[in-house]
Amino acid sequence: MSDPGSPGRVAIVTGAGSGIGQATTVAFCRAGYDVAAGDVDRSGLEETVRLAEGLPGSVDAVSADVTDSFTVESLTGAALRLGQLQAAVNCAGIVGPTLDLSESDSSRLRDVSDPDWARVIEVNLTGVFNCVRSQMRAMWDTGGAIVNLSSIAGVVGTAGLGPYVASKHGVVGLGKTAALEGAPRGIRVNTICPGTVATPMLMEAFGSDPTQTAARDAATPLGRPGEPEELAEVAVWLCGDSASYITGVSLPVDGGTTSMNPRSGVAGKT
Ligand SMILES: NC(=O)c1ccc[n+]([C@@H]2O[C@H](COP(=O)([O-])OP(=O)(O)OC[C@H]3O[C@@H](n4cnc5c(N)ncnc54)[C@H](O)[C@@H]3O)[C@@H](O)[C@H]2O)c1
């Protein structure tokens with residue numbers, strides 16, 4: 000088996016202009032991959048290009064909306080022009096309507112609007128489908144590895160985040176099926192389920208209210224949010240040869256959150 004960091008490897012990252020996708024793009028470049036980096040946020044992509052300057056791998060920034068299968072194909076095409084596609088990490092996502100703590104009913108399922116529901120499913124679930132379909136086609140004769148970003152909201156419910164939770168549960172199921180269909184072709188497909196990660200999305204979902212932040216940290220066994228780089232390292236590792244026997248898993252990277260029985264709390268904190 001070759002070294003996962005050897006030069007000449009090519010990866011796709013979506014949502015590459017911010018947060019986990021940006022950190023993953025930089026981590027791939029550090030490991031020697033050339034990356035086709037897609038996002039709808041052009042200025043975010045420019046920042047990603049700057050962050051990767053001087054690293055062994057390169058970034059080809061591509062304006063790509065994951066809800067549009069044509070631009071997804073363009074992103075895959077850009078990757079194939081860099082060389083043989085070996086890895087893809089699908090990070091693009093949105094939170095959608097979130098529980099407004101001051102008006103506790105505003106985003107419960109009974110009040111979610113048709114457009115809000117459709118948009119979250121379109122970006123978070125159909126978007127991942129568009130990417131996985133295109134990436135599997137590109138890897139069909141060569142093999143490769145795909146990682147999709149779900150969430151702990153893909154394995155447990157969360158009041159006030161109904162569309163997001165439904166979309167992220169869908170990503171878990173899609174990933175398992177893609178793993179089964181890809182296995183005979185040497186395509187591994189895995190899912191990462193982050194807990195809270197310090198990115199713009201976390202701020203959008205929960206704000207920076209110190210009481211809320213403290214409560215969230217207290218409910219996390221490791222006592223803090225994850226850093227985007229901690230998720231990026233896992234994504235790059237899952238795509239590399241060191242993870243060659245791993246497929247179909249949904250891996251929580253959540254500081255222990257989904258392992259905790261809320262009745263017993265965090266040791267030493269109750
Ligand atoms: N931050 C967290 O706490 C957290 C927790 C669990 C799961 N996640 C998941 O991790 C992934 C990355 O989240 P993040 O925290 O880095 O968020 P982020 O908001 O920092 O980055 C998301 C990126 O996706 C891009 N994007 C949005 N819609 C797009 C579209 N239609 N096409 C292409 N790009 C689009 C945005 O422009 C942005 O650059 C998401 O799928 C998110 O649901 C994040």
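According to numbering that gives the first Met the number 0, the residues represented by the sequence shown are 0 to 269, in order.
In this text, a Cβ means the ideal position worked out from N, Cα and C, and glycines have one as well.
Predicted model, so just to flag it, every value in this text is computed and none were measured.
heavy atom of ligand 1 below 7 Å from residue i C-beta
{"i": "Ser258", "result": "no"}
{"i": "Gly7", "result": "no"}
{"i": "Ile19", "result": "yes"}
{"i": "Asp40", "result": "yes"}
{"i": "Ala91", "result": "yes"}
{"i": "Leu201", "result": "yes"}
{"i": "Pro193", "result": "yes"}
{"i": "Leu79", "result": "no"}
{"i": "Gly254", "result": "no"}
{"i": "Asp113", "result": "no"}
{"i": "Asn208", "result": "The sequence given here has Asp at residue 208, not Asn. Checking every heavy atom of ligand 1 against the Cβ of Asp208, none is found closer than 7 Å."}
{"i": "Pro162", "result": "no"}
{"i": "Pro227", "result": "yes"}
{"i": "Ser150", "result": "yes"}
{"i": "Asp64", "result": "yes"}
{"i": "Thr198", "result": "yes"}
{"i": "Val34", "result": "no"}
{"i": "Gly126", "result": "yes"}
Secondary structure of residue i, DSSP reduced to three states
{"i": "Thr219", "result": "coil"}
{"i": "Ser280", "result": "Since the first residue shown for the chain is 0 and the last is 269, residue 280 is missing from the structure and cannot be characterised."}
{"i": "Val33", "result": "Note that residue 33 corresponds to Asp in the displayed sequence, not to Val. If DSSP states are grouped into helix, strand and coil, Asp33 belongs with the strands."}
{"i": "Arg107", "result": "coil"}
{"i": "Ala91", "result": "coil"}
{"i": "Thr13", "result": "strand"}
{"i": "Leu100", "result": "Because the pLDDT at Leu100 is just 49, under 50, the model does not fix this residue reliably, and the point stays unresolved."}
{"i": "Pro183", "result": "helix"}
{"i": "Thr195", "result": "coil"}
{"i": "Ile245", "result": "coil"}
{"i": "Leu250", "result": "strand"}
{"i": "Ala144", "result": "strand"}
{"i": "Asn260", "result": "coil"}
Same chain only: Cβ atoms within 6 Å of residue i, ignoring 5 sequence neighbours per side
{"i": "Val25", "result": "Leu50, Ala51"}
{"i": "Asp40", "result": "Gly16"}
{"i": "Arg8", "result": "Tyr32, Gln85"}
{"i": "Ser149", "result": "Lys167, Val170, Val171, Thr190, Cys192"}
Same chain, Cβ closer than 8 Å to residue i, five either side skipped, listed in chain order
{"i": "Ala144", "result": "Gln85, Ala86, Ala87, Ile186, Arg187, Val188, Asn189, Leu237, Cys238, Gly239, Ala242"}
{"i": "Thr257", "result": "Ile151, Val154, Val155, Cys192, Gly194, Pro251"}
Nonlocal neighbours in the same chain, by C-beta distance under 7 Å from residue i, ignoring five residues either side
{"i": "Leu201", "result": "Thr195, Pro224"}
{"i": "Ser1", "result": "Below a pLDDT of 50, predicted positions are generally treated as unreliable, and Ser1, at 37, falls in that range; no measurement from the model is reported."}
{"i": "Val94", "result": "Tyr163, Met200, Glu203, Ala204"}
{"i": "Gly4", "result": "Any reading at Gly4 must be qualified, since the residue scores a pLDDT of 45, below 50, and its modelled position is unreliable; no value is offered."}
Closer than 8 Å to chain D by CB, residue i
{"i": "Leu84", "result": "Here chain D cannot be found, since the structure has a single protein chain."}
Next on the checklist: For the stretch 246 to 263 against the stretch 179 to 197, do three or more pairs of beta-carbon atoms, one drawn from each stretch, fall closer than 8 Å, so that the two count as touching?
Outcome noted: Taking 8 Å as the limit for Cβ pairs, the verdict is that the stretch 179 to 197 does touch the stretch 246 to 263.
Checklist entry - So, do the stretch 155 to 169 and the stretch 112 to 123 have three or more beta carbon pairs nearer to each other than 8 Å? => result Yes, since at least three Cβ pairs between the stretch 155 to 169 and the stretch 112 to 123 fall closer than 8 Å, the two stretches touch.
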